[in-house]
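Okay, structure first, notes after.
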DNA sequence: GTCCCGGTTT
DNA sequence: AAACCGGGAC
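In my numbering, the protein residues as written are 64 to 304.
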């Protein structure tokens with residue numbers, strides 16, 4: 064993996080012109096804080112959080128995660144949970160049945176596995192309901208490994224910056240994964256990945272991205288486009304960009 | 001890599 | 001009705 068990372072970072076992908084520490088700095092200044100991001104969160108808790116975060120606002124997950132983990136602190140305890148009770152504790156998030164079966168399958172799969180589960184995404188992905196995104200997220204956030212993460216919001220952000228149309232099947236978008244590797248700093252990559260997620264959620268939003276206030280709009284194909292349209296429609300230059 | 005699945009959101 | 005979202009099947 065060492066060779067691969069090196070190759071990925073050295074090969075000159077389009078230099079996006081974004082500072083390597085931009086997203087870490089964004090995280091320090093504007094990052095969100097969630098209980099599963101605290102140092103006290105266990106790898107199991109982080110894994111559970113990633114399952115709950117699919118299709119769900121993080122703020123809602125924050126309402127149920129602490130009590131859920133307090134009740135089922137380990138895979139063994141969650142695997143032994145009464146399904147109805149587990150369902151109740153996640154039902155306010157929606158997708159109750161899906162999530163309950165995912166949590167049960169996942170927790171019984173790792174019920175007797177010692178920590179660390181694995182620090183290798185290639186192993187983590189073999190777990191039920193763990194795909195490429197979740198495997199990378201756990202490797203990075205739970206085990207401090209240097210791996211990029213690419214979810215839909217990051218595909219959106221990177222595609223806008225580079226000026227490509229988001230690929231059909233967003234999840235195996237090799238080009239975007241390559242760019243995510245090239246953006247990944249060598250230190251504080253956890254903060255970088257959190258920052259990227261938070262930036263995508265708060266600034267580079269799906270519907271009306273805040274290009275006018277965006278600090279990297281000038282480095283972004285979509286941002287430049289929007290900026291030009293704004294200045295034309297207002298018949299004045301937008302000097303700060 | 002392409003498509004399907006599921007409940008929720010717009 | 002369509003988009004969302006990532007896992008899984010093929």
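The beta-carbon is built from N, C-alpha and C at its ideal position, and this holds for glycine as well.
Residue span of the alpha helix (DSSP H) that contains residue i, given as start and end
i           : result
residue 87  : 85-93
residue 163 : 159-172
residue 224 : 215-225
residue 149 : 146-153
residue 111 : 106-116
residue 198 : 195-200
residue 140 : 138-142
Simplified DSSP state of residue i, which is helix, strand or coil
i           : result
residue 279 : coil
residue 128 : helix
residue 259 : helix
residue 182 : coil
residue 211 : coil
residue 235 : helix
residue 271 : coil
residue 245 : helix
residue 228 : coil
residue 175 : coil
Residue i, buried or exposed, once every other Cβ within 10 Å from all chains shown has been counted against 16
i           : result
residue 199 : buried
residue 209 : buried
residue 112 : buried
residue 280 : buried
residue 299 : Any reading at residue 299 must be qualified, since the residue scores a pLDDT of 41, below 50, and its modelled position is unreliable; the value itself is stated next. Counting Cβ neighbours within 10 Å, residue 299 comes out exposed, since fewer than 16 surround it.
residue 290 : buried
residue 99  : buried
residue 244 : buried
Beta carbon of residue i nearer than 9 Å to that of residue j
i           : j           : result
residue 306 : residue 146 : Nothing can be reported for residue 306, as the shown portion of the chain is limited to 64 through 304.
residue 206 : residue 106 : yes
residue 233 : residue 225 : no
residue 223 : residue 286 : yes
residue 253 : residue 203 : yes
residue 242 : residue 212 : no
residue 94  : residue 282 : no
residue 133 : residue 167 : no
* Would you call the region 212-224 and the region 166-186 touching, i.e. three or more CB-CB distances under 8 Å? -> no
| Any 3 or more C-beta pairs closer than 8 Å across the region 141-161 and the region 120-128 | Output reads yes: the region 120-128 touches the region 141-161.
| task | Evaluate the contact criterion for the region 84-101 versus the region 257-273: three or more CB pairs, one atom per stretch, below 8 Å. | result | yes
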